[in-house]
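Engineer: Just so you know, we're using our numbering here: the sequence shown kicks off at 84 and counts up by one.
Virtual Cβ for every residue (Gly too), placed ideally from N, Cα, C.
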Amino acid sequence: MSKLSQIQQQAEAIINVVDLTMAYGSNVIQKDLTFEIRRGDIFIIMGGSGCGKSTLLKHMIGLIKPVQGDIFYGEQSYWKADADAQQLINQRFGVTFQNGALWSSMTLAENIAIPLQEYTKLEPREINEVVEFKLALVGLGGYGNFYPSELSGGMRKRASIARAVALDPVILFFDEPGAGLDPFNSRRLDNLITELRDSLKTTIVIVTHELASILTIGNNSVFLDDETKTIIAAGDPKKLQEDHSVPKVQAFLYRGEL
Numbered sequence: 084m085s086k087l088s089q090i091q092q093q094a095e096a097i098i099n100v101v102d103l104t105m106a107y108g109s110n111v112i113q114k115d116l117t118f119e120i121r122r123g124d125i126f127i128i129m130g131g132s133g134c135g136k137s138t139l140l141k142h143m144i145g146l147i148k149p150v151q152g153d154i155f156y157g158e159q160s161y162w163k164a165d166a167d168a169q170q171l172i173n174q175r176f177g178v179t180f181q182n183g184a185l186w187s188s189m190t191l192a193e194n195i196a197i198p199l200q201e202y203t204k205l206e207p208r209e210i211n212e213v214v215e216f217k218l219a220l221v222g223l224g225g226y227g228n229f230y231p232s233e234l235s236g237g238m239r240k241r242a243s244i245a246r247a248v249a250l251d252p253v254i255l256f257f258d259e260p261g262a263g264l265d266p267f268n269s270r271r272l273d274n275l276i277t278e279l280r281d282s283l284k285t286t287i288v289i290v291t292h293e294l295a296s297i298l299t300i301g302n303n304s305v306f307l308d309d310e311t312k313t314i315i316a317a318g319d320p321k322k323l324q325e326d327h328s329v330p331k332v333q334a335f336l337y338r339g340e341l
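Structure (C-alpha cells):
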C-alpha cells in the first residue's frame with residue numbers, strides 16, 4: 084500500500100451523505116444513499132446512463148433539495164442550515180459542469196475574475212495576479228485575453244477548472260470532465276485533476292462514466308444502480324473491478340453489457 088493510500092485511509096470524512104432520497108415528484112431517482120468522502124479523496128460517482136449521477140452532484144452542491152436525508156460538510160448539516168450558512172459552505176466549493184459553462188462574451192481572464200470580484204475584497208491588480216496564476220496552474224498561461232470560442236475543447240475544460248479553483252476551494256466537483264475529449268486530452272485532464280488534488284490539498288468529487296479515468300485516478304467511489312435505485316457497491320474502483328460478488332459493477336468496470 085502506498086503512503087498516499089495509507090494517509091487517505093486515515094483521513095477524516097469531509098463529506099457525509101446520510102439516508103439521501105432524490106426524486107422528481109413521485110419519480111424516485113435514488114434512495115437510501117449513505118456514504119462518506121474522505122479528505123484528499125478523488126471520489127467517483129459512477130453508474131449507467133440515467134441512474135442519477137449528475138442529480139446527486141446537484142444535491143451535493145445545493146442546487147436540488149433532497150426529499151429525505153441530509154448532507155454534512157464536516158459536522159455541519161447543509162440542508163438544515165440557513166441561507167447564510169449554506170452560502171459560506173458553497174464558498175468552499177469549486178464546480179465545473181460538463182459544458183464548461185464559460186461566458187462566451189467574456190475573455191478567459193474575465194471569466195476567472197468573476198468569483199474573485201464577487202467574494203473577495205481584492206484590488207483589480209491583485210485579481211489580475213490571481214487570474215494569471217490560476218491560468219498558469221492549468222497550463223493556459225498567456226491565454227487570458229482569448230475568448231472561449233477561440234480555444235479547443237480541452238483548453239475550455241482547463242479554463243473552467245481555472246475558474247473553479249479561483250477561490251482555493253476545499254472541495255472540487257466535476258460533472259463529466261472528460262466528455263467530448265479525445266483520449267490524449269482526457270489523459271491530460273486526469274493528470275491535471277491529480278496535480279490539483281496534490282498541490283492544492285483539495286478533495287475531488289467526479290461524476291463520470293469514463294473507464295480510463297475511473298480506474299486511473301479514482302481511489303474511492305459509489306456505484307448507483309438504476310434498477311434498485313440505490314448504491315450497490317462502494318470503495319476503490321480498482322478493487323471493485325475484481326469483486327465477483329457484484330457482477331453488474333464488475334461488468335461496468337470491464338465494459339461488459341449492463
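Between which two residues does the alpha helix (DSSP H) harbouring Gly237 extend?
Structural biologist: It spans 236–247 - the alpha helix (DSSP H) in which Gly237 sits, taken as one unbroken run.
Engineer: From this set, Val332, Glu158, Leu223, which residue's C-alpha is nearest Ile97's C-alpha?
Structural biologist: If we check each option's Cα against that of Ile97, Glu158 comes out closest.
Engineer: For Leu116, does the three-state DSSP call read helix, strand or coil?
Structural biologist: Three-state result, Leu116: strand.
Engineer: Assign Arg270 to one of three DSSP states: helix, strand, or coil.
Structural biologist: Note: Arg270 maps to helix in three-state DSSP.
Engineer: For Phe126, tell me which candidate among Ile147, Ala106, Asn99, Ser269 has the shortest Cα-Cα distance.
Structural biologist: It is Asn99 whose Cα lies nearest to the Cα of Phe126.
Engineer: Leaving out the 5 sequence neighbours to the left and right, which residues in its chain are closer than 6 Å to Gln333 when beta-carbon positions are compared?
Structural biologist: Cβ neighbours of Gln333 beyond the five flanking positions: none.
Engineer: Ends of the alpha helix (DSSP H) at Val214?
Structural biologist: Here the alpha helix (DSSP H) through Val214 covers 207–220.
Engineer: Note down the Cα distance separating Leu103 from Arg208, rounded to an integer number of angstroms.
Structural biologist: C-alpha separation (whole angstroms): 44 Å.
Engineer: What does the alpha-carbon distance come out to for the pair Val111 and Ser132?
Structural biologist: Taking the straight line from one Cα to the other gives about 16 Å.
Engineer: When you compare only the Cα positions, how much space is there between His327 and Tyr337?
Structural biologist: In a straight line, the C-alpha of His327 is about 12 Å away from that of Tyr337.
Engineer: Would you mind reading off the limits of the beta strand (DSSP E) that contains Phe62?
Structural biologist: The displayed coordinates of the chain run from 84 to 341. Any statement about residue 62 would go beyond what the structure contains.
Engineer: Counting along the chain, where does the beta strand (DSSP E) carrying Met129 start and finish?
Structural biologist: 125–130 is the span of the beta strand (DSSP E), which, as asked, contains Met129.
Engineer: With Tyr156 as the anchor, note down where its beta strand (DSSP E) starts and where it stops.
Structural biologist: Where Tyr156 is concerned, the enclosing beta strand (DSSP E) stretches over 151–156.
Engineer: Counting only the same chain and skipping the five closest in sequence on each side, list residues whose C-beta sits under 7 Å from that of Leu283.
Structural biologist: The answer, listed in chain order, is Val248, Asp251.
Engineer: Where DSSP assigns a beta bridge to Phe229, which residues make up the other side?
Structural biologist: Note: Phe229 sits in no beta bridge, so no partner.
Engineer: For Thr277 and Ser137, I'd like the C-alpha separation in whole angstroms.
Structural biologist: Taking the straight line from one Cα to the other gives about 21 Å.
Engineer: Run the CB neighbour count on Lys312, radius 10 Å, all protein chains shown included, and call it buried at 16 or more, exposed below.
Structural biologist: Classification of Lys312: buried, given that the 10 Å Cβ count is 16 or more.
Engineer: Please confirm whether Gly130 and Asp309 have their CB atoms less than 8 Å apart.
Structural biologist: Taking 8 Å as the Cβ cut-off, Gly130 and Asp309 qualify as a contacting pair.
Engineer: Can you list, in chain order, the residues of its chain with a C-beta nearer than 7 Å to that of Trp162? Leave out the 5 residues immediately preceding and following it.
Structural biologist: Closer than 7 Å at the Cβ level, and outside the excluded window around Trp162, lie Lys148, Pro149, Asp153, Ile154.
Engineer: Whole angstroms are fine: how far does the CA of Leu218 sit from the CA of Arg270?
Structural biologist: Approximately 19 Å, taken between the alpha carbons.
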